[in-house]
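J.:
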Amino acid sequence: MNTSGKGKNMGQDRGSGRGGGQGRNKGGAYGTGGYCICAKCGEKIPHQRGIKCTTLKCPECGHTLIREELLRDKK
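All residue numbers for the sequence shown refer to my numbering, where the first residue is 5 and numbers rise by one.
Structural data, given as C-alpha cells:
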C-alpha cells in the first residue's frame, strides 16, 4: 500500500461546490472613485482609495457609511 501521498490520481478532483466563492460584487472591487453614503440621512462623501466605507462614520449623524454601489444594489 502506498502511504506517501503520491497516488496516481491525487489532486485531480475539482469538487462539486456551488457559487465559486466569489461573494459580494462577484469577487470584483468597485474600483477607484465613487462615494461612501449614509443609508440613514443620505450624506455623501468621496470614497478614499484603500479605506472601506464601512469603517467610516457619517459626519452628520454618526451612522456607518456604505459604498454607493451597494446602496444602489439594494433598491
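C-beta: ideal position from N, C-alpha, C; glycine also.
In this text the structure is predicted, and so the values were computed from the model without any measurement.
With a threshold of 16 other CB atoms inside 10 Å of the CB of C45, please say whether the residue is buried or exposed.
T.: Under this definition C45 is an exposed residue.
J.: Assign C40 to buried or exposed, taking buried as 16 or more other Cβ atoms, counted over all protein chains shown, within 10 Å of its Cβ.
T.: When all chains shown are included, C40 counts as buried.
J.: Can you give me the Cβ contacts of K61 inside the same chain, cut-off strictly under 8 Å, excluding the 5 residues immediately before and after it?
T.: Cβ neighbours of K61 beyond the five flanking positions: H67, T68, L69.
J.: Can you confirm whether E64, when its beta carbon is compared against all beta carbons of chain C, has any partner nearer than 8 Å?
T.: Among the chains of the structure shown, chain C does not appear; only one protein chain is present.
J.: Taking E47 as the reference, which of Y34, K56, G38, C65 has the closest Cα?
T.: Of the listed residues, the one whose Cα sits closest to E47 is C65.
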